[in-house]
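K.L.:
Dropping the structure in here first, questions after.
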Amino acid sequence: MSVADHSYAKGKKSASGSRYRSGSAPSAMQADDAHTVAIAVRAYYMAEQRGFEPGHELEDWLNAEQQESSRH
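Using this note's numbering, read the sequence shown as starting at 282 and increasing by one per residue.
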């Protein structure tokens, strides 16, 4: 099962075939997605500043999580 499949594994398909009716996706899931995207963007810019030198991915992610958490 891919990550995309896992995200919607518990969702039920409507008659149109979509997992959720328009506008009915849980807001908690949207907030989690936005938080994850914000962390990913921060981690990307950290890697970019370092010239994308390999081996620092986890460090970048953890630092980005910490920065994003302190922002809230």
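Glycine included, every Cβ here is placed at the ideal spot set by N, Cα and C.
Determine whether the beta carbon atoms of ILE320 and GLU349 lie at a separation below 7 Å.
P.N.:
Contact flag set, yes.
K.L.:
Along the chain, where does the alpha helix (DSSP H) that runs through GLU346 open and close?
P.N.:
Residues 338-352.
K.L.:
When you compare each of HIS316, ARG331, MET327 to SER351 by their alpha carbons, which one comes out closest?
P.N.:
The option with the nearest alpha carbon to SER351 is HIS316.
K.L.:
Mind checking which residues open and close the alpha helix (DSSP H) that includes ARG331?
P.N.:
Looking at the DSSP string, ARG331 is not in any alpha helix (DSSP H), and its letter there is neither H nor E.
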